[in-house]
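Q: Sequential numbering of the sequence shown, starting at 32, is according to my numbering. Have a look at this one.
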Amino acid sequence: MDAVFARCSVGRLVLPSMGMSLVAAGLILLGLVVRSFWQPGAAPYRYQWVEQAGVERIAESDLQAWPDLAITKVEIRASGLDQPLAVGQVARRGQGAPVMLDWDNRSGEPLVFTDTRLGELKTLAQAVSKHAPKDALLLAWWDTARQLHLLTGLDVAYDTHLREPLIAPAPWRTHDRSIARYEREFWGAPPSRDDMQRFGQFAEALASEAGRGAAMLRAMAGEREAYVVVHVSDLYKLGVQFPDRFGVAYKDLTLRGDVHGQIAFVKRWVVEHDYAGYTVHELSPQQARAYAVGNARTAATLLARMLPLSTSQPAQLQVLELVYQHGGYWVYRLPARLPAG
């Protein structure tokens, strides 16, 4: 599928001829579900707990290094559909708040969380635990921050379920208040005003010019040793957060057959729509997602410069120091003093 989140020169929804019928059918189906079964005041979906993993299953999973975690499988369901729209793994330690660690979206449309790979998160958490000082501060998108806090114990700038931005298929976006209320009820206490403010500062920094954004992050961290963790999917989330400023498009690809042909297809897509740069991220051995930034202004933002876009050189970024990369995750040390200019 292909979508654009910007009200700028690229601000229109583009559906490619390949897979158009499938995407259109998904949108129609979700729309019919909302109209046929949705009750006023209710969210158009529900979480459904499925099972809790025992010690034996945890030992066989990517979470065997954290035997103290309680792991529960959860599904997102909508009335009128027999199959779940998405499946996740939720973890908690003792009486702590639940944290989504893994998300498998099966709907064909953006849905609540962005797709993640638990194996990549596990490797990232172990590397951060091994190399980052114990008193370091981690700065990341709120969902990544919660995951890393749970798995590493390191301090993060915010550790509550912030529910921003709303990630939902188009037919559901008119029910944002119902969704926000349901998410708050499911995940527990509402976020504090301080957490919301700090996360807003973080998102604003990512959407700013690289030098200015890095200075904003240093101001957030104060004098502490700090590391910034970003994921390729943060491009999508920042585009939803700031649709007027951060133009992003994406397209899903099937990884089978002619890989070189797929790459050529992505390059044609970028050229046809005059996008400023792109990157391709593997979601699974069978599927990848191409992201493109809409214009030079977006390509010059801190987040775009931190990720492996065709217009970026993360290892050469001077305002932050690249210290680790695995899968879709990129980790930077925030210098105590930023370079002049």
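Where a beta carbon is used, it is the ideal one built from N, C-alpha and C, also for glycine.
Are the beta-carbon atoms belonging to Asp-135 and Tyr-189 less than 7 Å from one another?
A: No, these two residues do not count as a Cβ contact at 7 Å.
Q: Check each candidate in Ala-250, Glu-216 and Val-118 and name the one with the smallest Cα separation from Arg-229.
A: Cα-wise, what sits closest to Arg-229 is Ala-250.
Q: Run the CB neighbour count on Ala-201, radius 10 Å, all protein chains shown included, and call it buried at 16 or more, exposed below.
A: Exposed, because fewer than 16 other Cβ atoms sit within 10 Å of the Cβ of Ala-201.
Q: I need the DSSP call for Gly-111, collapsed to helix, strand or coil.
A: Correct three-state label for Gly-111: coil.
Q: What residue from Leu-132, Pro-75 and Ala-128 has the CA that sits closest to Ser-111's CA?
A: At residue 111 the sequence reads Gly, which differs from the Ser that was named. The shortest Cα separation from Gly-111 among Leu-132, Pro-75 and Ala-128 belongs to Pro-75.
Q: With distances taken between CB atoms, is the gap from Ala-24 to Leu-132 smaller than 7 Å?
A: An answer regarding residue 24 cannot be provided, because it is not within the stretch 32 to 372 covered by the chain.
Q: In whole angstroms, give me the CA-to-CA distance for Pro-164 and Glu-313.
A: Each residue's Cα considered, the two are about 30 Å apart.
Q: Is there at least one Cβ from chain C nearer than 7 Å to His-357's Cβ?
A: Absence of chain C from the displayed structure is noted, only one protein chain being present.
Q: Using DSSP with H/G/I as helix, E/B as strand and the rest coil, what is Thr-310?
A: The answer is strand: DSSP assigns Thr-310 an E or B state.
Q: Distance check for Gly-244 and Gln-347, CA to CA, integer angstroms please.
A: Using only the alpha carbons, I get a separation of about 16 Å.
Q: Report the three-state DSSP secondary structure of Ile-198 (helix, strand or coil).
A: Ile-198 falls in the coil class under three-state DSSP.
Q: Mind checking whether Ala-319 and Val-311 have CB atoms under 7 Å apart?
A: A contact, by the Cβ cut-off of 7 Å.
Q: Using DSSP with H/G/I as helix, E/B as strand and the rest coil, what is Glu-254?
A: Of the three classes helix, strand and coil, the one that applies to Glu-254 here is coil, per DSSP.
Q: Measuring straight from C-alpha to C-alpha, what distance separates Arg-336 and Ser-343?
A: Taking the straight line from one Cα to the other gives about 5 Å.
Q: Per DSSP, which residues does Ala-73 bridge with? Please list them.
A: DSSP lists no partner for Ala-73.
Q: Compute the Euclidean distance between the alpha carbons of Phe-144 and Ile-198, then round it to the nearest angstrom.
A: Going by the C-alpha atoms only, they are around 7 Å apart.
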